[in-house]
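Every letter in the sequence shown is one number past the one before it in this note's numbering, and letter 153, counting from 1, is 153.
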Amino acid sequence: MALLDWMQEPAGPVVRAERITLRPPRLSDHAAWAELRAESRDYLQPWEPTWPADDLSRAAFRRRLGVYVREMELQNAFPFFVFPTEPDGREGPLAGAITLSNIRRGVAETGQLGYWIGERFAGRGLATAAVRAIAGFAFGQLKLHRLEAACVPENDRSRRVLEKAGFTHEGRARAYLKINGGWADHLLFGLVEDEYAAGGRRPSGEGA
Numbered sequence: 001m002a003l004l005d006w007m008q009e010p011a012g013p014v015v016r017a018e019r020i021t022l023r024p025p026r027l028s029d030h031a032a033w034a035e036l037r038a039e040s041r042d043y044l045q046p047w048e049p050t051w052p053a054d055d056l057s058r059a060a061f062r063r064r065l066g067v068y069v070r071e072m073e074l075q076n077a078f079p080f081f082v083f084p085t086e087p088d089g090r091e092g093p094l095a096g097a098i099t100l101s102n103i104r105r106g107v108a109e110t111g112q113l114g115y116w117i118g119e120r121f122a123g124r125g126l127a128t129a130a131v132r133a134i135a136g137f138a139f140g141q142l143k144l145h146r147l148e149a150a151c152v153p154e155n156d157r158s159r160r161v162l163e164k165a166g167f168t169h170e171g172r173a174r175a176y177l178k179i180n181g182g183w184a185d186h187l188l189f190g191l192v193e194d195e196y197a198a199g200g201r202r203p204s205g206e207g208a
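So, in structure tokens, the structure goes:
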């Protein structure tokens with residue numbers, strides 16, 4: 001691995017929970033990530049911003065890692081790739097990603113969640129497990145008070161994930177984000193630490 005590649009490898013916490021492991025992306029993940037994104041394009045694109053023309057290239061992935069490194073150093077965001085746990089305890093294939101971003105401290109102590117799961121892994125409960133795991137990390141290791149998430153009203157799968165993970169539907173924001181080339185309304189969801197502590201179990205977190 002080139003020195004520049006090594007310097008841009010995000011080093012951060014690893015979150016282990018029942019059924020899944022969340023860890024920062026690595027340059028060595030590029031091939032699996034690009035393949036999963038490419039085969040899931042039609043499945044994912046309706047719910048995401050328009051992909052740049054070079055989005056799946058190794059160069060774009062390296063730039064993405066550079067952003068992740070800076071964000072994690074500043075404690076502004078924590079990106080994770082999602083790996084199911086095999087029956088023998090090994091890390092399974094890359095299934096998707098989840099990011100805790102826009103972390104605000106002080107009087108807010110809040111962060112926002114975004115996530116995706118590749119089409120061939122859909123329907124297995126991995127997104128729900130990932131959201132629950134990152135909630136445990138946010139309220140435990142980071143000591144946040146509140147998490148927020150949003151989804152397009154027509155994205156029934158994403159809404160069910162948030163509801164099953166304990167989030168409460170709090171309202172609707174008009175023209176909230178530019179999704180798939182157009183401004184889209186979003187349903188807003190929130191989860192506060194007291195609610196999570198009352199109904200969930202924190203997974204273990206390992207430092208960098």
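Where is the CB? At the ideal position from N, CA and C, for every residue including glycine. Source: prediction; values computed, not measured.
Outcome for GLY166 when other beta-carbon atoms lying within 10 angstroms are tallied against a minimum of 16: So GLY166 counts as buried.
Quick one, which of ARG172, ILE117, GLY12 has its alpha-carbon nearest TYR68's? When each option's Cα is compared against that of TYR68, the closest is GLY12.
Alpha carbons only, please: which of PRO49, SER57, GLU86, ALA97 is nearest the one belonging to PRO25? ALA97
When we look at the beta-carbon of PRO214 and count the other beta-carbons within 10 Å, is it buried (16 or more) or exposed? Any answer about residue 214 is impossible in this case: the structure gives the chain only from 1 up to 208.
How far does the alpha helix (DSSP H) with LEU126 in it extend, from its first residue to its last? Secondary structure note for LEU126: its alpha helix (DSSP H) is the uninterrupted segment 126-140.
Please report how far the alpha carbon of GLY136 lies from the alpha carbon of TYR196, in whole angstroms. 8 Å
Tell me whether VAL107 sits in a helix, a strand or coil according to DSSP, three-state version. coil
Buried/exposed call for VAL107, threshold 16 Cβ in 10 Å: Around the C-beta of VAL107, fewer than 16 other C-beta atoms lie within 10 Å, and the residue is accordingly described as exposed.
What residue from GLY181, GLU193, ASP156 has the CA that sits closest to GLY187's CA? Strictly speaking, residue 187 in this sequence is Leu, with Gly absent from that position. Residue ASP156 is the option with its Cα nearest to LEU187.
Which one of GLN141, TRP183, ARG172, GLU148 has the shortest CA to CA distance from LEU162? GLU148
Rank THR99, ALA138, LEU94 by C-alpha distance to the C-alpha of GLU119 and give the top, closest one. LEU94
I'd like the span of the beta strand (DSSP E) that includes HIS30, first residue to last. Per DSSP, HIS30 belongs to no beta strand (DSSP E); it is in the alpha helix (DSSP H), 30-39.
CB-CB under 6 Å to GLN164, same chain, minus the five flanking residues each way: which ones, in chain order? Reading the sequence as shown, one finds Lys at residue 164 and not Gln. The answer, listed in chain order, is THR128.
Helix, strand or coil, according to DSSP, for PRO46 in the structure here? It is helical.
Starting from GLU193 and walking both ways along the alpha helix (DSSP H), at which residues does that stretch end? 193-199
Check whether LEU209 and ALA38 have beta carbons under 7 Å apart: With the chain represented from 1 up to 208, any question about residue 209 goes unanswered, as that position is not in the structure.
Distance check for LEU142 and ALA198, CA to CA, integer angstroms please. Distance from the CA of ALA198 to the CA of LEU142, rounded to the nearest whole angstrom, comes to 18 Å.
Spatial distance of GLY125 from ARG146 (CA atoms): 23 Å
Local conformation of ARG172 per DSSP, three classes: strand
Let me confirm a value: MET7 is counted as buried when at least 16 other C-beta atoms fall within 10 Å, else exposed. Which label applies? With a pLDDT of 46 at MET7, under the threshold of 50, the modelled position of that residue is not reliable, and the figure given next carries that caveat. So MET7 counts as exposed.
Going by the beta-carbon positions, is the gap between PHE78 and LEU113 smaller than 7 Å? no
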